[in-house]
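Student: Handing you this structure, nothing more for now.
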Amino acid sequence: ISVLDINASGTVVRSLDQLYAQAKCCRILLQDRAKHLALLSGGMFPHTARQQSRSDKPPLYVPWEQAANDVDGEYAAAIAWAPLKPVKRAIDKALNHYVG
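Below is the structure:
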């Protein structure tokens, strides 16, 4: 991702709404890529139960191979995917970066 983002028609993207729409699409593609790489390498993803508990216990992870082959979808549903930043936080970061 660059500072100067250009959309499919070749014009510069100046709308936060458009950037968020692109981010949602990219998120899906990047998650699919992460799943593929995890399947090839025996990778794991964080489990939602341990993310919510805030305990002193070590993090719990779901092996992607197990989640991908789960017929019920129980393991795949338990993965804690990273969310997109809230719009307010994205604006704060942009202002801090570009305005100072």
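Numbering (this note's numbering), first residue to last: 416 to 515. Backbone N, C-alpha and C define an ideal beta-carbon position, used for all residues, glycine too. Here the structure is a predicted model, which is why all the values come from computation and not from measurement.
Can you determine whether any heavy atom of the ligand ZN sits closer than 7 angstroms to the C-beta of Val502, and answer yes or no?
Tutor: You won't find the ligand ZN in this model; it holds no ligand whatsoever.
Student: Who are the near neighbours of Ala438 in its chain, counting only those whose CB is closer than 7 angstroms to its CB and skipping five residues on each side?
Tutor: Leu499
Student: Could you check if Trp479 is buried or exposed, using at least 16 other CB atoms within 10 Å of its CB as the buried criterion?
Tutor: By the neighbour-count rule (16 or more Cβ atoms within 10 Å), Trp479 is buried.
Student: To the nearest angstrom, report how far apart Ser430 and Trp496 are at their CA atoms.
Tutor: 26 angstroms
Student: Which term fits Val514, buried or exposed, when burial requires 16 or more other beta carbons within 10 angstroms of its beta carbon?
Tutor: exposed
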